[in-house]
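Letter 191 of the sequence shown, counting from 1, is numbered 191 in the UniProt record's numbering, and no numbers are missing. The C-beta atom is built at its ideal place from N, Cα and C for all residues, glycine as well. Here the structure is laid out as structure tokens; the discussion comes afterwards.
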Amino acid sequence: MKKRPPKNHTPQTPPPTNWLDNIEHDCLRVAIPKGPRFQADVPGWSFQTKEETLKNYDAESSRWLGTKVWEPEKNSQVYKNENTELDIDAIGKGRPAFCSCELPGSVECVDIHLNDKRKELQRELGPAFWKWKLSEMGKEAAKLWTVGEQKAFESIVKANPISEGKSFLNPAVESLRSQTRQSIVNYYFNVYLPRRMGMQIRSGCKTIDTDDEGPVESPRSKSSRKRCHVDIVTSDSSPLLKNRYMTGRR
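Encoded structure:
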């Protein structure tokens, strides 16, 4: 039989463990399994290196090994073709306060300026523009989708709101067989979200919600953690808001 402790007995609290004293203790380290199932078989180095090569070795130069993608050499034909009409602006110059469009700040105005900057970047980078897949960024990603696929994707996102703990990715992959998982994620961040946020801004929405579909009833709603407040848009202040959008002032 086990002896019961006396009534007046109080259990002793073990002294606090000072983990700093046991950092280098071998017994407390995680055991690393050994054997052919856990270690890689690395063959021995058999290449004969000359002493002259080792003397001229520079560790910093190893960072730049490989094929140079950009910037092209100045004496190459690619450099001459790309920089004939290239107008390089000063760093930090920013966007002009006004533009010559008929409706500054409108959707058409923004698209015109985006296309101009896109063409300028394409001329500056040359082949690297496609090598780095910048051609698939922004609204250009929508060109790889049909109208039916875009509508189907929008319906899938509405049926699987992120605020309810649902994910639209797996249903979209199963439904849109012609699109890969990477292209779906690319379309969501480059086309769907910017398009939806732009519609909310132009409609005068008080809050921009990147998760939920439908109007926001209360600004204190906990349904989304990705909301940023914007100024209330009225008919009198809409030109001012458009000007702020074009110049980058908030």
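Residue range of the alpha helix (DSSP H) that includes residue i
| i | result |
| --- | --- |
| M137 | Per DSSP, M137 belongs to no alpha helix (DSSP H) and is neither H nor E. |
| W130 | 128-131 |
| F153 | 147-159 |
| R37 | Taken as a continuous stretch (DSSP letters only), R37 belongs to no alpha helix (DSSP H), as it is neither H nor E. |
| K93 | Looking at the DSSP string, K93 is not in any alpha helix (DSSP H), and its letter there is neither H nor E. |
| L193 | 193-202 |
| E71 | Element bounds for E71: n/a, residue is neither H nor E. |
Same chain only: Cβ atoms within 7 Å of residue i, ignoring 5 sequence neighbours per side
| i | result |
| --- | --- |
| L103 | C109 |
| C101 | C109, I112 |
| L144 | S183 |
9 Å Cβ cutoff met for residue i and residue j
| i | j | result |
| --- | --- | --- |
| R118 | G105 | no |
| A142 | Y187 | yes |
| V69 | K166 | no |
| V107 | G204 | no |
Cβ neighbours of residue i in the same chain (closer than 8 Å, five flanking residues each side left out)
| i | result |
| --- | --- |
| D185 | What sits at residue 185 in the sequence shown is Val, not Asp. For V185, where only same-chain residues beyond five positions count, the Cβ hits under 8 Å are L169. |
Coarse secondary structure for residue i, derived from DSSP in three states
| i | result |
| --- | --- |
| L103 | coil |
| R118 | helix |
| F168 | coil |
| Q179 | coil |
| L65 | coil |
| A142 | helix |
Contact test: residue i Cβ vs the ligand ATP heavy atom, cutoff 8 Å
| i | result |
| --- | --- |
| C109 | For the ligand ATP, the structure offers nothing, since it holds no ligand at all. |
ask   = Would you call the region 176-190 and the region 147-155 touching, i.e. three or more CB-CB distances under 8 Å?
value = yes
Practice prompt. Check whether the region 120-139 touches the region 158-176, taking contact to mean three or more Cβ pairs, one atom from each stretch, closer than 8 Å.
Written response: no
Notebook entry, point to check: If you pair each beta-carbon of the region 128-145 with each one of the region 183-199, do three or more pairs fall below 8 Å?
Noted result: yes
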